[in-house]
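Chains as they are written, first to last, in the working numbering: chain S, 7 to 522; chain V, 11 to 289.
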């Protein structure tokens with residue numbers, strides 16, 4: 007059974023590392039896959055997944071996050087919060103230099119934030135509660151908020167708020183700045199060269215402020231457009247690191263069984279991708295809560311996890327992934343129970359009206375998942391018609407509310423106020439846009455809970471509010487939550503300590519080392 | 011008619027082709043009665059190799075669906091698409107070819123330029139574009155296959171009509187004052203039929219291949235299982251589970267081969283002079 011082997015490997019890798027507790031060794035080259043080729047590497051301008059993965063090792067944020075999403079020092083070495091939770095004071099690390107030798111100071115922080123507000127949509131939203139930012143001296147930055155904002159300490163991750171060198175960007179046209187092609191950061195690795203279509207090469211920053219780090223001499227990000235070729239590249243030893251999502255799921259068990267191969271699902275806690283089915287709450291049978299609940303009972307989510315995702319991931323219990331703050335599993339449970347689903351459908355008076363299902367056109371895994379869900383729903387008597395579409399066409403249909411059931415997955419960014427509420431509050435219903443409340447769920451109580459939760463203090467109060475919101479949502483089933491996805495990272499076991507933070511490979515090479 | 015069957019049964023390829031076609035048709039018609047369950051149903055554990063369980067003789071695919079059931083239901087889709095799209099292509103192609111050949115002159119020019127317009131576009135590329143635009147469904151697939159396969163029919167019929175319209179019996183019909191439509195239908199087309207039938211049998215084979223290719227690329231009807239879809243879906247796991255692609259692949263091969271053999275047999279039977287000269 008491939009599944010068992012995979013589990014065994016996961017355990018073996020997880021347990022073996024701390025047991026041995028080796029001293030890190032210095033030196034060596036790592037070849038990793040980057041998929042697809044990033045459109046650019048200037049993190050403040052481009053935030054695609056692959057850009058974040060490469061540039062997260064060149065640039066740095068003020069904070070880093072542990073797998074439990076606790077903030078850790080990075081460019082800020084300490085921080086304090088005022089009594090009224092409206093003033094955040096960050097003390098910056100001294101002796102930090104940009105890759106070109108210029109010192110990193112508070113002026114760079116102020117400049118970066120001004121720039122990001124114009125170039126980075128999510129940073130702009132995250133900073134909406136900020137009233138003013140000041141730098142009393144070169145190594146202190148003070149944020150004053152309009153009102154307390156609970157998730158504030160969660161917005162300083164490198165991909166969400168990368169620090170940009172003021173001396174290279176101030177007064178230039180950001181979009182055409184020559185340093186976009188040879189980015190200069192403060193991170194453990196420096197950009198060296200990029201042969202388009204072939205590889206991106208990063209080399210060790212010899213003046214890195216954490217003495218002794220990084221351990222690796224250079225990283226080659228190999229660009230290999232074909233999924234099968236990426237698997238082969240790993241098998242033949244051309245690459246040692248396959249970040250999450252770079253090979254197809256069904257190749258994971260086979261690759262995991264190879265000698266000296268370690269697999270982990272960790273390193274995605276900050277993103278916590280959660281897959282669900284949009285259910286169009288506005289029209290037809292799905293407007294009835296009982297039909298939506300029936301869908302939850304009808305779908306065999308364990309099967310999807312074990313078979314389609316090769317055992318990686320976790321069955322979702324509600325709107326929050328289990329890695330998100332204030333998550334609770336003390337909510338209504340929806341086990342796989344076709345009989346109950348049938349009973350609910352009957353109760354709701356469902357008479358075989360046609361229901362359209364839009365799978366996600368992201369490749370084989372998602373196609374198969376669409377087929378499995380369709381079969382599950384047909385088995386309880388629902389009349390499902392699959393609509394074939396491409397990614398853009400699917401997005402268009404969903405944004406225009408022209409669907410009944412549609413697959414999706416979204417990142418959650420660590421806090422319900424940053425990544426969860428947006429999909430359920432009624433102020434986020436806007437036709438023509440994706441990834442908001444496209445299901446058309448409206449509940450004034452939920453609106454109020456998410457509004458209160460974002461600004462409530464202290465933490466225990468927020469916890470109470472968000473737990474209540476989760477209970478209500480899970481009862482109402484505005485969307486059908488499927489799985490907390492895990493994108494397994496496959497590495498040679500000699501690559502140690504690669505995944506230590508909540509964003510995994512994205513900033514992982516700082517601590518990684520090679521056991522020769 | 012008797013003569014036809016006699017010569018048809020004399021050619022070994024025709025006989026083999028007929029047997030294969032009858033087999034395929036009976037599977038398509040009666041098979042689903044033996045397998046009341048939907049072929050999409052997940053019945054066993056995934057990746058079960060063939061010949062291990064008698065309930066799923068050809069193993070299961072990546073989701074634990076019965077490969078054998080898929081092949082049975084796939085036969086229905088493949089044959090249906092093949093036959094219907096050929097029929098549509100004939101309905102479009104025969105009248106256009108007949109009119110072009112019979113009337114000649116400007117009508118011929120106009121119709122043939124129109125036909126060439128379709129012929130200049132690579133047919134598979136055109137089919138892909140059409141299905142992608144119309145959204146993949148059984149109707150759009152049949153329509154797009156028909157659209158790309160009628161031009162050869164039109165050209166063939168035109169050529170036949172062109173030569174037949176100068177025959178004495180046609181001229182006699184013209185002299186007796188029969189209408190053009192009547193002459194085309196009663197005098198010319200029946201005599202052109204044999205070549206059209208041969209072509210049609212090969213077109214069914216091509217249509218099955220086209221449908222399989224479209225499904226292989228993920229442009230099949232998502233609600234219907236077909237051989238091409240099975241090959242396409244299994245392709246990515248071919249290293250772990252060869253049987254998911256191999257069996258439907260064999261089914262495509264055999265049915266296309268069978269139709270080609272029939273075409274050959276028909277050719278022998280309908281053009282006895284040609285085949286006798288050949289021997």
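Every residue, glycine too, gets a C-beta built ideally from N, C-alpha and C.
1) In or out: residue 271 of chain V buried (at least 16 other Cβ within 10 Å) or exposed?
2) For the ligand PLP, I want to know if residue 500 of chain S counts as a neighbour, meaning its beta carbon is within less than 6 Å of at least one of the ligand's heavy atoms.
3) With H, G and I counted as helix, E and B as strand and the rest as coil, what does DSSP make of residue 225 of chain S?
4) Just curious, the alpha helix (DSSP H) that residue 57 of chain S is in, first and last residue?
5) Do residue 452 of chain S and residue 462 of chain S have their beta-carbon atoms positioned less than 7 Å apart in this structure?
6) Please identify, using Cβ separations under 8 Å, the residues of the segment 305 to 320 of chain S that lie next to chain V, in order along the chain.
7) Cα separation between residue 224 of chain V and residue 62 of chain S?
8) So if DSSP puts residue 109 of chain V in a beta bridge, which residue, or which two residues, is it bridged to?
9) Please state whether DSSP places residue 250 of chain V in a helix, a strand or coil.
10) In whole angstroms, give me the CA-to-CA distance for residue 450 of chain S and residue 443 of chain S.
11) Are the CB atoms of residue 248 of chain S and residue 386 of chain S nearer to each other than 7 Å?
12) I need the straight-line Cα distance from residue 108 of chain S to residue 474 of chain S, nearest angstrom please.
13) Helix or strand or just coil, what does DSSP make of residue 21 of chain S?
14) Short of 8 Å in beta carbon distance, which residues of its chain neighbour residue 287 of chain V, apart from the five on each side in sequence? Order them along the chain.
15) According to DSSP, is residue 86 of chain S part of a helix, a strand, or is it coil?
16) Under 8 Å, with one C-beta from each stretch per pair, do the segment 483 to 503 of chain S and the segment 263 to 277 of chain S reach the 3-pair mark?
17) So within the segment 462 to 517 of chain S, which uninterrupted alpha helix (DSSP H) runs reach at least 4 residues, ignoring any that extend past its ends?
18) If we count the other Cβ atoms within 10 Å of its Cβ and call it buried at 16 or more, is residue 190 of chain V buried or exposed?
19) For the beta strand (DSSP E) holding residue 529 of chain S, just list the boundary residues, first then last.
20) Between the segment 69 to 100 of chain V and chain S, which residues of the former have a C-beta closer than 8 Å to a C-beta of the latter?
21) Just confirm the distance between the C-beta atoms of residue 141 of chain V and residue 133 of chain V, as a whole number of angstroms; I'd bet it's less than 8 Å.
22) Kindly indicate if chain V contains any beta-carbon less than 7 Å away from that of residue 241 of chain S.
23) Whose C-alpha, out of S:216, S:225, S:103, S:251, is nearest the C-alpha of residue 232 of chain S?
24) Roughly how far, in whole angstroms, is the beta-carbon of residue 275 of chain S from the beta-carbon of residue 164 of chain S, given that I think they are within contact range, below 8 Å?
25) Give the straight-line distance between the Cα atoms of residue 415 of chain S and residue 208 of chain V, rounded to the nearest whole angstrom.
26) For the segment 147 to 229 of chain V, list the alpha helix (DSSP H) runs that are entirely contained and at least 4 residues long, ordered along the chain.
27) What residue from S:88, S:330, S:169 has the CA that sits closest to residue 76 of chain S's CA?
28) Listing by chain order, which chain V residues have their CB less than 8 Å from the CB of residue 378 of chain S?
29) Which runs of the beta strand (DSSP E) spanning at least 3 residues fall entirely within the segment 366 to 413 of chain S, listed in chain order?
30) Determine the closest residue to residue 85 of chain S out of S:146, S:135, S:50, with distance taken between C-alpha atoms.
31) Hey, residue 148 of chain V and residue 231 of chain V: beta-carbon distance below 7 Å or not?
32) Mind checking which residues open and close the alpha helix (DSSP H) that includes residue 361 of chain S?
33) If you count every other CB in all the chains shown that lies within 10 Å of the CB of residue 511 of chain S, and 16 or more means buried, which is it?
34) Going by the CB atoms, is the gap between residue 244 of chain V and residue 226 of chain V shorter than 7 Å?
35) Assuming residue 102 of chain S contacts residue 74 of chain V (C-beta within less than 8 Å), just tell me the rounded distance between them.
36) Within 8 Å, do at least three Cβ pairs link the segment 425 to 435 of chain S to the segment 389 to 404 of chain S?
Let me lay it out:
1) buried
2) Looking at this structure, you won't find the ligand PLP or any other ligand, since it has none at all.
3) strand
4) 55 to 61
5) no
6) 309, 313, 314
7) 41 Å
8) Residue 109 of chain V is not bridged to any residue.
9) coil
10) 14 Å
11) no
12) 50 Å
13) Residue placement at residue 21 of chain S cannot be trusted, given a pLDDT of 42 that sits under 50; the coordinates are not used to answer.
14) Note that residue 287 of chain V scores 46 on pLDDT, short of 50, meaning its location in the model is unreliable; the coordinates nonetheless yield the value given after this. Excluding residues within five positions, none has a Cβ falling inside 8 Å.
15) strand
16) yes
17) 465 to 482
18) exposed
19) Residue 529 of chain S lies beyond the range of chain S shown here (7 to 522); nothing can be said about it.
20) 72, 73, 74
21) Contact doesn't hold; Cβ gap of about 13 Å is too wide.
22) no
23) S:251
24) With a Cβ gap of about 15 Å, residue 275 of chain S and residue 164 of chain S do not count as contacting.
25) 52 Å
26) 148 to 174, 178 to 185, 199 to 226
27) S:330
28) 52, 73
29) 389 to 392
30) S:146
31) yes
32) Premise fails: residue 361 of chain S lies in the beta strand (DSSP E), 360 to 364, not in any alpha helix (DSSP H).
33) buried
34) no
35) Not confirmed; about 55 Å, so no contact.
36) no
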